[in-house]
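Taking it in order: structure first as structure tokens, then the write-up.
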Amino acid sequence: MHALRTPRSSPARWALGVLAMLAAGAASAEVQGVSPTEVTFGMSAAFSGTAKELGRQTRLGFEVAFAGANDAGGIAGRKLHLVALDDNNEPKRAVAVVRELVEAKRVFALVGTVGSAAIQAYLPYLQEKGILMFGSLSGADFLRNDPPDRWVFNFRASYAEETEALVRYLVKVRRFQPAQIAFFEQQDSYGAAGWRGFARQLRRFDADPDHVLRVGYQRNTVDVEAAAKKIRANPHLKAVVMVATHHPAAKLIERLKGMNLVFTNVSAVVGRELGDELARLGPKFAEGVVVTQVVPPPTSRSTAVLKYQEALKKYAPNERPDFLSLEGYLAGQVLLEGLRRAGEKLTTDSLVEALEGIKNLELGIGVPISFGPSEHQGSHKVWGTVLDQAGNFRPLDLE
1 MHALRTPRSS
11 PARWALGVLA
21 MLAAGAASAE
31 VQGVSPTEVT
41 FGMSAAFSGT
51 AKELGRQTRL
61 GFEVAFAGAN
71 DAGGIAGRKL
81 HLVALDDNNE
91 PKRAVAVVRE
101 LVEAKRVFAL
111 VGTVGSAAIQ
121 AYLPYLQEKG
131 ILMFGSLSGA
141 DFLRNDPPDR
151 WVFNFRASYA
161 EETEALVRYL
171 VKVRRFQPAQ
181 IAFFEQQDSY
191 GAAGWRGFAR
201 QLRRFDADPD
211 HVLRVGYQRN
221 TVDVEAAAKK
231 IRANPHLKAV
241 VMVATHHPAA
251 KLIERLKGMN
261 LVFTNVSAVV
271 GRELGDELAR
281 LGPKFAEGVV
291 VTQVVPPPTS
301 RSTAVLKYQE
311 ALKKYAPNER
321 PDFLSLEGYL
331 AGQVLLEGLR
341 RAGEKLTTDS
351 LVEALEGIKN
361 LELGIGVPIS
371 FGPSEHQGSH
381 KVWGTVLDQA
391 GNFRPLDLE
């Protein structure tokens with residue numbers, strides 16, 4: 001008997017095999033969060049609790065930037081979608097939120113993330129997964145390593161750069177002695193980042209940071225009584241550099257206003273909310289409070305700010321211009337430029353390379369934006385502002 005012969009595959013079976021191989025190849029080439037028609041981004045931030053305006057305003061800025069791009073047809077034919085989840089500015093919750101964004105929502109990258117302590121908690125996970133994080137509302141040093149982390153890009157100046165500018169202003173312009181300046185912080189990585197810039201600038205003035213009063217409060221509280229008591233016990237003080245959110249900052253100013261101190265804060269305070277809260281307390285509470293900013297005033301008339309104002313009227317007509325939503329909008333514009341340069345074949349690597357290729361990008365804010373393989377912070381500019389009696393901001397020359 002002849003041995004049985006295995007029949008050759010039929011043409012139909014051969015075709016099915018080819019299709020299966022092609023499908024497998026397409027699946028392996030698939031980029032998470034990217035389809036032919038859409039790119040999905042994620043955002044973890046506080047949308048509840050004392051820091052909720054930080055998240056809401058930052059999200060608003062990115063959403064307005066994305067809406068304008070989507071109305072123009074998207075980028076490379078893809079519409080941009082943002083999934084934003086509430087982490088309440090708590091690190092443990094933020095880790096769970098980011099895992100959900102990456103593993104369940106399948107986002108391509110994270111944008112506009114808020115809260116230094118929260119970001120520090122989940123950053124190792126993002127690094128392990130190779131997920132890009134762009135334009136965080138954080139000036140923390142761990143996001144600005146030297147050399148920079150491949151998947152971390154910052155739009156804004158650091159908290160250290162902001163507190164350095166404040167110390168220079170108080171010493172060189174207001175003529176205070178370093179020992180007359182106290183430091184008030186949120187006691188986590190947000191406050192610690194500001195302290196590093198504060199201390200570094202003090203040393204440049206031959207002052208010892210260890211001899212300066214350093215006080216603070218716990219994150220997500222307004223318990224400033226212990227800090228206020230220590231400051232009141234030092235009547236020689238002339239100024240307080242704060243690295244705080246607006247509720248505890250306003251509470252401290254209310255408790256200490258009788259001391260005739262100059263109060264300052266960094267940009268993440270949510271300046272508009274601080275101004276409104278102080279104005280409700282009375283005209284003497286708001287007037288003279290100095291806040292550094294990482295974008296120009298949102299009511300100014302520069303090219304980029306005018307475009308922001310028009311976009312806000314179109315896509316969020318009930319919202320007032322705000323420093324934080326402007327920051328989100330401008331960071332969004334830089335991201336859009338990176339996406340355009342990455343083109344149709346969008347991957348994390350192609351976006352990283354596209355962003356690193358941005359040199360002297362003119363948004364219309366007075367300073368160009370640049371990145372590179374050794375520079376993942378687009379802007380180092382710090383603007384000065386000061387509150388009037390009604391809680392409105394005026395430009396302030398810090399030099």
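Heads up: the sequence shown at position 244 corresponds to 244 in my numbering, and the numbers run straight through without jumps. The beta-carbon is built from N, C-alpha and C at its ideal position, and this holds for glycine as well. No experiment lies behind these values; they were computed from the predicted model shown.
Q. DSSP state of W383, grouped into three classes?
A. Three-state DSSP puts W383 in a strand.
Q | Run of the alpha helix (DSSP H) containing N265, from where it starts to where it stops | A | Where N265 is concerned, there is no enclosing alpha helix (DSSP H), although the beta strand (DSSP E) it sits in stretches over 262-265.
Q.
Let me confirm a value: A228 is counted as buried when at least 16 other C-beta atoms fall within 10 Å, else exposed. Which label applies?
A. buried
**Q.** Distance CB(L274)-CB(V295) smaller than 8 Å
**A.** The answer is no: Cβ separation not under 8 Å.
(Q) Can you give me the C-alpha to C-alpha distance between K105 and M43, rounded to a whole angstrom? (A) Answer to the nearest angstrom: the Cα atoms are 11 Å apart.
Q. Using DSSP with H/G/I as helix, E/B as strand and the rest coil, what is F285?
A. helix
Q | L398 beta carbon less than 8 Å from that of G384 | A | A contact, by the Cβ cut-off of 8 Å.
Q | Close Cβ partners of A72 (< 7 Å) along its chain, the five nearest in sequence each way excluded | A | Excluding residues within five positions, none has a Cβ falling inside 7 Å.
Q. Thinking C-alpha only, which one of S350, A331, P395 is nearest F134?
A. A331
(Q) Report the start-end ranges of each beta strand (DSSP E) in the region 33-107 that is 3 residues or longer and not cut off at the edges. (A) 38-45, 79-86
Q. Which value, in whole angstroms, describes the spacing of the CA atoms of G391 and R280?
A. 9 Å
Q. Shortest alpha-carbon distance to E90 belongs to which of L355, L351, L166, S116?
A. That would be S116, whose Cα lies nearest to the Cα of E90.
Q: Return the chain-ordered ranges of every beta strand (DSSP E) run that is complete within the region 187-272 and spans a minimum of 3 residues.
A: 214-217, 239-243, 262-265
**Q.** Coil, strand or helix - Q177 by DSSP
**A.** coil
Q | CA-to-CA distance, G112 to Q57, given in whole angstroms | A | 10 Å
Q.
Looking only at its chain, what residues have a beta carbon closer than 6 Å to the beta carbon of L355, apart from the 5 residues adjacent to it on each side?
A. F153, G338, F371
(Q) Please give the ranges of any alpha helix (DSSP H) in the region 280-366, keeping only runs that are unbroken, at least 4 residues long and fully inside the region. (A) 283-286, 303-315, 323-342, 348-356
Q: Using only alpha-carbon positions, find the residue among V95, E103, V241 that is nearest to L123.
A: V95
Q: Starting from V167, trace the alpha helix (DSSP H) both ways and give me its first and last residue.
A: 159-168
Q. So the beta strand (DSSP E) L404 belongs to, where does it begin and stop?
A. This structure gives no information on residue 404, because the portion of the chain shown stretches from 1 to 399.
**Q.** At least three beta-carbon pairs within less than 8 Å, the region 46-62 to the region 309-329
**A.** yes
Q.
Could you compute how far the alpha carbon of G77 sits from the alpha carbon of P147?
A. 34 Å
Q. Shorter than 8 Å from the beta carbon of V243 to some beta carbon of chain B?
A. Included in the structure is just one protein chain, with no chain B present.
Q: State yes or no: is the C-beta of Q187 nearer than 7 Å to some heavy atom of the ligand FAD?
A: Within the structure as shown, the ligand FAD is missing, as the structure has no ligands at all.
Q.
Can you give me the C-alpha to C-alpha distance between G258 and G366, rounded to a whole angstrom?
A. Taking the straight line from one Cα to the other gives about 38 Å.
Q: Leaving out five residues on either side along the sequence, give the residues of the same chain with a beta carbon under 6 Å from the beta carbon of A51.
A: N89, T245
Q) Where does S136 land, buried or exposed, given buried means 16+ other C-beta within 10 angstroms? A) buried
Q.
Please report the straight-line C-alpha distance between D276 and A250, rounded to a whole angstrom.
A. 10 Å
Q: Would you identify the three-state DSSP class for G372, choosing helix, strand or coil?
A: strand
Q. Using the beta-carbon count (16 or more within 10 Å), is M21 buried or exposed?
A. Low confidence applies here, because M21 scores a pLDDT of 36, under 50, leaving its location unreliable; read the following figure in that light. With fewer than 16 Cβ atoms within 10 Å of its Cβ, M21 is classed as exposed.
Q: Thinking E287 and D388 are a contact (beta carbons under 8 Å), I'd like their distance in whole angstroms, please.
A: Confirmed, about 6 Å.
(Q) To the nearest angstrom, how far is the alpha carbon of R320 from that of K313? (A) 9 Å
Q) With respect to the beta strand (DSSP E) encompassing F393, which residues constitute its N-terminal and C-terminal limits? A) 393-396
Q. Just the Cα atoms here: how many angstroms apart are S158 and K359?
A. 20 Å
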